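**Q**
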Amino acid sequence: MNTRRGEHFPQILARRASETPDAIACRFFKGPSLVPETLTFGALHDAAATLAARLVAHGLRNERVLLLCTTQQRFVVAFYACLIAGAIAVPSAPPRRAVLHERLQLIASDARARGILFDADGLDGFGDDALARLDLRESAAPIDPLEIPLRCDGAAPAFLQYTSGSTGDPKGVVVTHDNLVHNSTLIAESMDVTAASTIFTALPLFHDMGLVGGVLQMMYAGCSAGFMAPAEFVQYPERWLQIISRYRVTTSGGPNFMYDLAARSIRPEQLEGVDLASWRVAFCGAEPIRAATIARFAERYAAHGYRPEAFYACYGMAEATLFVAGASVDAAPTVIEHEHGALVGCGTTSGDTEIAIVDPDTHRCVRDGASGEIWVRGASVAAGYWMRPELTARTFGAMLDGVDGDPWLRTGDVGFVRDGELFVAGRVKDLVILHGKKYAPQDLEEACERAHAALRPACGAAFDVPHDGGAKLVIAFELQRDWLRRGSDWPEVRSAVQSAISAQFGVSASDLVLLVPGTLPRTSSGKVRRSQCRADYLANRLERATPRAERAA
Amino acid sequence: MSSREQLLRCALAEVIEVEAHDVCVRTPFAEQGVDSLLGLRFVRRMQDLLGAEIELEWLFDHPSIEELSVFLDQRFGAIGARPGSAE
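Heads up: the sequence lines are chains U and V, in that order.
The first sequence begins at 2 in this note's numbering and counts up by one.
The second sequence begins at 426 in this note's numbering and counts up by one.
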């Protein structure tokens, strides 16, 4: 048993600090030495309880507090301080540029934030006078650590997780203390995380995967976790594998792009002596999992002791705290051929989590094996969106037609269950509807990328736009870089694409927009934002590639 | 083209996986497909080549090879007679 009945994270922290005060909770990696700064459970408790006392002294109990940390050490301490103090943390990315400042302002007002914990310049003037500001770099007047209560209200919000959504309309998922314990239990059981495990993450700590899957899972299981900044991983992906080898990491992962980058960009000499045999669970989620990437990664690192069975596909979202379904530990991934191409299975749910595959229009369950919207219910499903009763009712309060019982969370994802395993195939609202017939945009995009090598795989969006009372099809695709300057060959690209979709689907694109690579709108986790593409297209804001004769001097 | 420009052009070409002569020194990075991920990869490559700390922000403030080269020359001194390609 990892936890005891009635415990929530403040109590789990108190128990870890009293039972194993000197055990290492966190290793913070920065730079080439791979020698981390460490934080024991005892030291984490003391620092968090002291900061919690300051939060309470500032009147922030039960209030929303923005959490903007440039160092991962301060983030971890500040997050636990909020949990202990009963302040509702609103973790967010420290804004580096003006556009992010605007987004932060939207989040601050949506959350009705009353305090801000920060550690960087440029935030001193943020917000109005009602906002309590705590600069984590300053040494504060001495204060007695807050005593952790024996119980806390499980139904109370623990933090707000703002989701990518559309840029101008941030939504805060209300995650309760009960949600956190429940989902942590699911993760620990599904991924077999115990006190003997070692976690490593290079994910942002202000998002669910790094936060619930790293910062909280380490405390829940009583094991240690290593942390590295995401930007450092992108620059130095070899350090991911070097750290796994040196610290005998058992549990580490991230979105598909991390595996892709690691498979492509690490040079053999950077991995001399690296041994990945300790890596038991290489989890992967948050964006479509590509079978080719997994295969490439496994093949490349087999010589370093990486086992294909370590790969662990999973499915989840902030609205369900994090984890919904996951593969079996020590089993090779299930890959099936489907109309959308190869799909990787995301395993099964566990505990009290249920999923239903539902027709999004009729709200009836589809026949066994058919595709539909994935609905989820269980104790990990969050309380709703902060201060959005209508949106919460629509998204978290769905009922199956003619069936009584507890409500469901509508995920907006399309999937199906085959042989008991969940497969995720796309998004509901992205369906392209032409003349009353529905097309999955993924199908159209796949046909395009197969039609001509000038298009970047998985970098396109098909969507419909209103036209003459009906709709017409628009396809936007990023060009491969080496095709950017071959403007004279673009007509051939367009014609190949039009022939392909006409032959396969009997539709034609009213416009085929060729984009500059890297400009297709995506969520922060890499999902293509087709509705944003549509909006950008209609506003003429897509980054169209322009024929360029000019070459470098 | 200055030595600095040649060096940066090779570094960027490697990161965006094209030939060096296909990289334009005047075209803004964004128009050559440099997104935030590739920007970070480019910064790393420059650090490896120059042996100095490079900040990602500099790519936004000096958004082409030409402009970035001028900035880096001012900050670190011009690269003398060193060959343009480090590889």
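Glycine included, C-beta positions come from ideal geometry on N, C-alpha and C.
These numbers were taken from a predicted model, which means no experiment stands behind them.
#1: Given a cut-off of 9 Å on the beta-carbon distance, is the pair residue 466 of chain U and residue 509 of chain U in contact?
#2: Please state the DSSP three-state secondary structure of residue 453 of chain V.
#3: List the DSSP bridge partners of residue 296 of chain U.
#4: Throw me the rounded Cβ distance for the residue 175 of chain U and residue 384 of chain U pair, which I believe falls under 8 Å.
#5: Work out the CA separation of residue 426 of chain U and residue 296 of chain U for me, nearest whole Å.
#6: Using a C-beta cutoff of 9 Å, does residue 504 of chain V count as contacting chain U?
#7: Do residue 354 of chain U and residue 187 of chain U have their C-beta atoms within less than 9 Å of each other?
#8: I'd like to confirm the pairing. Which residues does DSSP put opposite residue 172 of chain U in its beta bridges?
#9: Please list the terminal residues of the continuous alpha helix (DSSP H) segment that includes residue 43 of chain U.
#10: So, for residue 204 of chain U: in the same chain, excluding its five sequence neighbours on each side, which residues have a beta-carbon less than 6 Å away from its beta-carbon?
#11: Under the rule that 16 or more other beta-carbon atoms within 10 Å means buried, what is residue 499 of chain V, buried or exposed?
#12: Relative to the alpha-carbon of residue 285 of chain U, which residue among U/376, U/265, U/214 and U/183 has its alpha-carbon at the smallest distance?
#13: Determine the direct distance from the alpha carbon of residue 282 of chain U to that of residue 252 of chain U, and round the result to whole angstroms.
#14: Do you know offhand how far residue 144 of chain U's Cα is from residue 51 of chain U's?
#15: Can you tell me where the alpha helix (DSSP H) with residue 1 of chain U in it begins and where it stops?
#16: Taking just the CA atoms, how far does residue 455 of chain U sit from residue 400 of chain U?
#17: If you measure from the beta carbon of residue 543 of chain U to each beta carbon in chain V, is any gap under 9 Å?
#18: Do residue 398 of chain U and residue 408 of chain U count as a contact pair if the criterion is CB distance below 9 Å?
#19: Compile a chain-ordered list of the residues in the region 434 to 450 of chain V whose CB is closer than 7 Å to at least one CB of chain U.
#20: Report yes if the CB atom of residue 366 of chain U is closer than 9 Å to the CB atom of residue 359 of chain U, and no otherwise.
#21: Is there at least one Cβ from chain V nearer than 9 Å to residue 271 of chain U's Cβ?
#22: Strictly by DSSP, which residues pair up with residue 411 of chain U?
#23: Compare the C-beta of residue 539 of chain U with all C-beta atoms of chain V and state if any pair is closer than 9 Å.
#24: Could you name the residues of chain U that residue 474 of chain V contacts, counting a contact when the two beta carbons are closer than 7 Å?
#25: Got a sec? Which residues, its chain only, sit under 6 Å from residue 346 of chain U by beta carbon, not counting five neighbours each side?
#26: With 9 Å as the C-beta to C-beta threshold (strictly closer), list the residues of the region 482 to 505 of chain V near chain U in chain order.
#27: What do you reckon, are the CB atoms on residue 493 of chain U and residue 515 of chain U nearer than 9 Å?
#28: Express the C-alpha separation of residue 544 of chain U and residue 439 of chain V in angstroms, rounding to a whole number.
#29: Among U/503, U/519 and U/488, whose alpha-carbon lies nearest the alpha-carbon of residue 459 of chain U?
#30: Report the neighbours of residue 466 of chain V on chain U: residues whose CB is nearer than 8 Å to its CB, in chain order.
#31: Measuring only from the beta carbon, is residue 74 of chain U closer than 8 Å to any heavy atom that is part of the ligand SAM?
#32: From the beta carbon of residue 423 of chain U, is the nearest beta carbon of chain V less than 9 Å away?
#33: Need the endpoints of the alpha helix (DSSP H) that residue 333 of chain U sits in, please.
#34: Identify, in the order they occur along the chain, each residue of the same chain with its Cβ nearer than 7 Å to the Cβ of residue 41 of chain U, setting aside the five sequence neighbours on each side.
#35: What do you reckon, are the CB atoms on residue 92 of chain U and residue 124 of chain U nearer than 9 Å?
#36: I'd like to know whether the C-beta of residue 287 of chain U is nearer than 9 Å to at least one C-beta of chain C.
**A** Inspection of the coordinates gives the following:
#1: Cβ atoms of residue 466 of chain U and residue 509 of chain U: not closer than 9 Å.
#2: Secondary structure of residue 453 of chain V (DSSP, three-state): coil.
#3: The partner list for residue 296 of chain U (beta bridge, DSSP) is empty, contrary to what the question assumes.
#4: Your pair residue 175 of chain U and residue 384 of chain U checks out as a contact, with CB atoms roughly 4 Å apart and the cut at 8 Å.
#5: Take the alpha-carbon of residue 296 of chain U and the one of residue 426 of chain U: they are about 19 Å apart.
#6: Among the residues facing chain U, residue 504 of chain V is not included, as its CB has no counterpart in that chain under 9 Å away.
#7: Taking a C-beta distance under 9 Å as the contact criterion, residue 354 of chain U and residue 187 of chain U qualify as a contact pair.
#8: Paired residue(s): U/164.
#9: Segment 42 to 58, the alpha helix (DSSP H) holding residue 43 of chain U.
#10: Here the set comprises 210, 211 and 255.
#11: Around the Cβ of residue 499 of chain V, a 10 Å sphere holds fewer than 16 other Cβ atoms; the residue is exposed.
#12: When each option's Cα is compared against that of residue 285 of chain U, the closest is U/214.
#13: In this model, residue 252 of chain U and residue 282 of chain U are separated by some 5 Å (Cα to Cα).
#14: Each residue's Cα considered, the two are about 7 Å apart.
#15: Given a span of 2 to 554 for chain U in the structure shown, any question on residue 1 of chain U remains unanswerable.
#16: Approximately 45 Å between the Cα atoms of the pair.
#17: Not one beta carbon of chain V lies nearer than 9 Å to the beta carbon of residue 543 of chain U.
#18: For residue 408 of chain U and residue 398 of chain U, yes; Cβs fall inside 9 Å.
#19: So the list reads 434, 441, 442, 443, 446, 447, 448, 449 and 450, given in the order they occur along the chain.
#20: Taking C-beta atoms as the reference points, residue 366 of chain U and residue 359 of chain U count as a pair closer than 9 Å.
#21: With 9 Å as the cut-off, residue 271 of chain U does not count as an interface residue toward chain V.
#22: Paired residue(s): U/376.
#23: Contact with chain V is absent for residue 539 of chain U, since none of that chain's Cβ atoms lies less than 9 Å from the residue's Cβ.
#24: The CB of residue 474 of chain V never comes closer than 7 Å to any CB in chain U; the least such distance is about 13 Å.
#25: Contacts found: 335, 422 and 424.
#26: Residues 482, 485 and 490.
#27: Going by C-beta atoms, residue 493 of chain U is not nearer than 9 Å to residue 515 of chain U.
#28: Taken atom to atom, the span from the alpha-carbon of residue 439 of chain V to that of residue 544 of chain U is near 23 Å.
#29: Closest by alpha carbon: U/519.
#30: Result: 235, 236 and 266.
#31: In terms of ligand content, the structure shown is empty, and the ligand SAM therefore cannot be addressed.
#32: Any Cβ of chain V closer than 9 Å to the Cβ of residue 423 of chain U would place that residue at the interface, and such an atom is absent.
#33: Run containing residue 333 of chain U: none; DSSP gives neither H nor E here.
#34: Cβ contact annotation for residue 41 of chain U (same chain, cutoff 7 Å, sequence separation greater than five): 22, 23, 24, 25 and 26, in chain order.
#35: Not closer than 9 Å, so no.
#36: Here the protein chains are U and V, and chain C is not one of them.
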